[in-house]
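Enquirer: Just passing along the structure, written as structure tokens.
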Amino acid sequence: MTLKYHTFFILSISLPSLFLPVWLNKTMPNLVSAMSPKGYKSLTSIKCCEDTVGVARVKYENGSATFPEKNLVLDRGTLRIPQPPPRPRRIILVRHGQSEGNVDESVYTRVADPKIGLTGRGVEEAEECGRRIREMIERDEADDWRVYFYVSPYRRTLETLRNVAKAFDRSRIAGVREEPRLREQDFGNFQDREQMKIEKKHRAIYGRFFYRFPNGESAADVYDRITGFRETLRADIDIGRFQPPGEHTPNMNLVLVSHGLTLRVFLMRWYKWTVEQFEGLVNMGNGKMIVMERGYGGR
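Throughout the sequence shown, residue numbering follows mature numbering (1 follows the signal peptide of the UniProt record, and there is no 0), covering -34 to -1, 1 to 265 in sequence.
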């Protein structure tokens, strides 16, 4: 995928093939003959590294190849090679709109972080972001495009999603999933303003990635849970979870509505950036987005 945010980056994804074993025995002559014109080959006659079903390795348009027994499935006595679902056209990262905590840090001393909502300006930013996403997708001039949302369970991200979604007809929204692993870094329950100033000074000395706030998380902790989410996302892409029933559209757009640091960590994990590179990053603005596009050859 190509990352669109002032600079272009290339991402290569290798997706595991679906493994479905095919059992051979003399009661399946049609299967055996279909797999090997010369008939059944005993295990003792198979040489090391030779295709175990006696047919050539399956080659794909991108030049990759795999052994047949990893891809063949039985269908009414015949063999067919299932095509993997298309990768999403884009993954769009959206930071929530301006929140009450962004304009008044004292809010964190009396309101739980997950319950802090958007300001009026934050609502407008989310609505504008939704329009920009739709306009970008419509420039593809594809008739079958869809959007699928992942969202942090915090109030400000849920409110952002609701206002982003106003830009789309219901038929264009393939689904929405609340994902707790996309939540904000935990800074330690209710936050005292003066104490937080001290903690942030300590973080600057200790290191922004590894410093853990008291009763909270470090960016490294966020990295660990984002790693789990990334694996879930890749598995969802592998099985085509976003595809509507009966459809196989290559014009699916995934939208992740989350928080500044969490999205920076997501990019770090996806592109395998170093800790030093992460510490050189800053948050994108409220209601802004970063676009990761599918590149040449589906990557």
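We put the beta carbon where it would ideally sit given N, CA and C, even for glycine.
1. Can you give me the Cβ contacts of Arg100 inside the same chain, cut-off strictly under 7 Å, excluding the 5 residues immediately before and after it?
2. Looking at C-beta atoms only, is the number of pairs between the region 102 to 109 and the region 68 to 82 that lie closer than 8 Å three or more?
3. Looking at Val89 and Val221, is the spacing between their C-beta atoms short of 9 Å?
4. Spatial neighbours of Gly67 within its chain, please: C-beta separation below 6 Å, excluding the five flanking residues on both sides.
5. For the alpha helix (DSSP H) that Phe244 lies in, which residues bound it at each end?
6. What does the Cβ neighbour count give for Lys4, buried or exposed, with the cut at 16 atoms within 10 Å?
7. DSSP puts Gly141 in a beta bridge; with which residues?
8. Using DSSP with H/G/I as helix, E/B as strand and the rest coil, what is Arg61?
9. With 16 as the cutoff for other CB atoms within 10 Å, does Thr193 come out buried or exposed?
10. Would you check if the distance between the CB atom of Asn129 and the CB atom of Glu93 is smaller than 9 Å?
11. Go ahead and label Ala201 buried or exposed: buried means 16 or more other beta carbons lie within 10 angstroms of its beta carbon, across all protein chains shown.
12. For Ile58, which residues in the same chain have their Cβ closer than 8 Å to its Cβ, ignoring the five residues on either side in sequence?
13. Helix, strand or coil for Val223 per DSSP?
14. From the DSSP output, read off the bridge partner residues of Ile203.
Expert: Walking through what the data contain:
1. Here the question's residue 100 lines up with position 134 in the sequence shown. Result list for Arg100: Ala133, Phe134, in chain order.
2. no
3. Walking along the sequence shown from the start, residue 221 turns up at place 255. Walking along the sequence shown from the start, residue 89 turns up at place 123. Not closer than 9 Å, so no.
4. Counting from 1 along the sequence shown, the entry for residue 67 is found at position 101. Hits under 6 Å: Val73, Tyr74, Ile82.
5. What you label residue 244 is simply residue 278 of the sequence shown in a count that begins at 1. Segment 241 to 244, the alpha helix (DSSP H) holding Phe244.
6. Along the sequence shown, read from residue 1 onward, the residue named residue 4 stands at position 38. Residue placement at Lys4 is flagged as unreliable, the pLDDT there being 44, under the threshold of 50; the coordinate-derived value follows with that caveat. With fewer than 16 Cβ atoms within 10 Å of its Cβ, Lys4 is classed as exposed.
7. What you label residue 141 is simply residue 175 of the sequence shown in a count that begins at 1. Tyr114, per the DSSP bridge assignment.
8. Here the question's residue 61 lines up with position 95 in the sequence shown. It is a strand residue.
9. Position 227 of the sequence shown, counted from the start, is the residue given in the question as residue 193. So Thr193 ends up on the exposed side.
10. Reading the sequence shown from its first residue, position 163 is the one you call residue 129. Reading the sequence shown from its first residue, position 127 is the one you call residue 93. Yes, the Cβ-Cβ distance between Asn129 and Glu93 is below 9 Å.
11. Position 235 of the sequence shown, counting from 1, holds the residue named residue 201. So Ala201 counts as exposed.
12. Position 92 of the sequence shown, counted from the start, is the residue given in the question as residue 58. If we look at Ile58 and ignore the five residues flanking it on each side, its Cβ neighbours are Ile99, Asn219, Leu220, Val221, Leu222, Met255, Ile256, Val257, Met258.
13. On the sequence shown, residue 223 is found 257 positions in, with the first residue counted as 1. Looking at Val223 - three-state DSSP - the assignment turns out to be strand.
14. Sequence index remark: in the sequence shown, residue 203 carries index 237 (1-based). Answer is none; Ile203 lacks a bridge partner.
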